[in-house]
Each structure stands twice: as C-alpha cells, then as structure tokens.
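Residue numbers (the working numbering): 103 to 341. Backbone N, C-alpha and C fix where the C-beta goes; we use that ideal spot for every residue, glycine too. These numbers were taken from a predicted model, which means no experiment stands behind them.
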C-alpha cells in the first residue's frame, strides 16, 4: 500500500493577495474558522480515543494519534490568540454537530468501519484540504503552525487506509453505506464555511477540489475500483 506523505506546500502561491489580518471583517471570519479547526482537532482526539474501545489491540497507537490531535488543538488556539481573536466555539460545535452525531451513533452500535470512515478518511481529508488551501494565505505565525499540523494529518489518514485495506472485503458494504450517509455532510460543511473562508482568501472551489482529490486517493488505496469511487463521490457532487 502506498503511504501518503504531505507534499511540500509552496507559500508563494497567493503571496501577492494576502488578506489584511488586522481588519474587523477578517477577525470576525477568523473567529469561526479558527473555532472550526480547534473543535475539529478536539473531535479527532475524542474519536481516536473512542476507536480504541472498538479496536482494543490498536488502543495504544490510537492514543498516540489522539495526543497528536490535542497538540494541534493547542497550536491552533495559539493562532487565534496571536491575532487577538476569540474563537467562536458554539458555532464550531454546531458546525460539527451532524457528523459528531453520526460518529457517536456508529460508536454505540460498534460500527468500527463507519467510525473509521468518518474520522480517519472524511475528517482527515477535510482537514488536509483546508490546511493546504490556508497555508499560502495564512499569517506567518499560523502558517508555521499549520505546516507542522498538516504533516501529522497524513499519519492519521494513512492509519485509516491501512486498517480498512486489511479488512476491505468485510468492510466494503458498510463503507458504501457510511459514505452515502456522511459524504454529503462534508459538502454541506464546505458550503457553510465558504463565505468566511473567502474572506481569508480560501476559495470554495479549491477547498472542494482538494478534498475530493484526497478522499478519492484514500478510497483507491483501500481497494475500491475507479468505477466504485466515481459512484461514491457522486453522492457529494449531486447534493
């Protein structure tokens, strides 16, 4: 299986169009974007700990991944503090609410495959795409933090790919079902954040494209055919 690695991200792309980090408009949008990444890392931490209860023989490794997410959360908290922005955490909790609910429901029912698709594929691909688009237009402090974080996220994506590939035949049907239930939520989340992201000079089309590339690559590494991947991704494109 191919192990995905974080590509070298050029900070030159977008350098001529950096936003003004000091404006009230920027800080207002950043209060929600920053909250989303903080909450996303907290959710990831909690989800990996929960996954350890479903895959006991992997609990130690999952705890290691969870610790990495907590470190990320602290880093992004410092990014907001650096700009004098208070993260809008109630907004972020609502933002992740539907996906959080689906993960918790799968957890209660012992559906490890669904939990892995939500956290280790969808959320990680979502985070990786957002960080890729954000890095070239970030303030210098946040850029340094985010460049370190995105490299770690590939470790988490690779973990999910490895487990699901090893259990592909037994997981295939549930993966189709979990994709149908959860991939549209990612599209809705991208739509919901589009206006704030644009103020940070992150275009919705770029976010969607980068996410779909990362997600399709992950599905391919797990073992899905190109035809199956096209069927699965169409769920997001038609909403």
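Asked	Found
Entirely within the region 222-251 and at least 4 residues each: give me those alpha helix (DSSP H) ranges in chain order.	226-236
What residue does the alpha helix (DSSP H) around residue 291 start on, and which one ends it?	270-301
With distances taken from CA atoms, which of 212, 126, 136 and 193 is nearest residue 154?	212
With H, G and I counted as helix, E and B as strand and the rest as coil, what does DSSP make of residue 190?	coil
If you run the structure through DSSP and keep just helix, strand and coil, what is residue 304?	coil
How would you write the range of the alpha helix (DSSP H) that residue 152 sits in, first residue to last?	126-156
Does the Cβ of residue 311 have 16 or more other Cβ atoms within 10 Å, making it buried, or fewer, making it exposed?	exposed
Of all the options 331, 246 and 136, which has the alpha carbon lying nearest to the alpha carbon of residue 285?	331
Select from 336, 305 and 221 the residue whose C-alpha is nearest the C-alpha of residue 282.	336
Find out if the Cβ-Cβ distance for the pair residue 313, residue 228 is shorter than 8 Å.	yes
Start and end of the alpha helix (DSSP H) containing residue 177?	161-184
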